[in-house]
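First the structure, in the form of structure tokens, and then the observations on it.
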Ligand code: ADP
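In this note's numbering, the protein residues as written are 55 to 240.
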């Protein structure tokens, strides 16, 4: 059981790239944002609790996303996790979970995109897709959450030689090629 993580700020293209890589490798693509939005859509107790947080661009409490991911990881399958972990406590919980399931963490892909470019992309996406958390104020909040809570993860994985920093600029297919090279050993 192999696991690859994608870490990147909102607008970095991690969803697109994670999906392309999952298809190439035949891994399951598990998207934390989608799992959360499904809960909201279905108006489950969890969904009702987290709706205001997503709308404000704030992270959901660690324990809630940890419980959710553990419900979705099947032993023996290979996964690309997109949007989890996003904090150091989540990463520690994931370590624990993977040990329990006999899985190994193969690589952590971090997509680098300058903040100016992120803003441009997110504002454009706001016009096209109309996602409720793609408005100027919420976008700023999400970028701040990323800087404060998610960026420290990069050091966490760098210290274990798992981090692969990839430029998220250029053609979508070129970025995918760079990522494929970085995960060759998975
Ligand atoms: P983006 O990366 O563009 O912000 P996502 O769909 O990955 O979009 O996430 C949308 C929202 O879902 C986040 O702003 C946050 O509120 C919540 N979320 C997603 N993943 C996590 C996580 N691992 N921990 C806490 N909250 C999360």
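Idealized CB from N, CA, C, for every residue including glycine.
Buried or exposed by the 16-neighbour rule on C-beta atoms within 10 Å, applied to residue i
| i | result |
| --- | --- |
| residue 239 | exposed |
| residue 178 | exposed |
| residue 65 | buried |
Beta-carbon gap between residue i and residue j smaller than 7 Å
| i | j | result |
| --- | --- | --- |
| residue 60 | residue 182 | no |
| residue 99 | residue 116 | no |
| residue 75 | residue 145 | no |
| residue 192 | residue 111 | yes |
| residue 134 | residue 220 | no |
| residue 152 | residue 139 | no |
| residue 126 | residue 84 | yes |
| residue 246 | residue 229 | Here the chain covers residues 55 to 240 and nothing more, so residue 246 does not appear. |
Cβ-heavy atom distance, residue i to the ligand ADP, below 6 Å
| i | result |
| --- | --- |
| residue 138 | yes |
| residue 101 | no |
| residue 86 | yes |
| residue 119 | yes |
| residue 196 | yes |
| residue 13 | Outside the shown range of the chain, which is 55 to 240, sits residue 13, and nothing can be said about it. |
| residue 143 | no |
| residue 108 | yes |
| residue 90 | yes |
Alpha carbon of residue i to alpha carbon of residue j, nearest angstrom
| i | j | result |
| --- | --- | --- |
| residue 107 | residue 114 | 6 Å |
| residue 87 | residue 137 | 7 Å |
Cβ-based neighbour list, residue i, same chain, cut-off 8 Å, excluding 5 preceding and 5 following
| i | result |
| --- | --- |
| residue 95 | 101 |
Contact set for residue i: own chain, Cβ-Cβ below 6 Å, skip 5 residues either direction
| i | result |
| --- | --- |
| residue 160 | 56, 58, 240 |
Spatial neighbours of residue i in its chain, beta-carbon cut-off 7 Å, leaving aside the 5 residues before and after
| i | result |
| --- | --- |
| residue 119 | 86, 138, 144 |
| residue 197 | 63, 64, 169, 172 |
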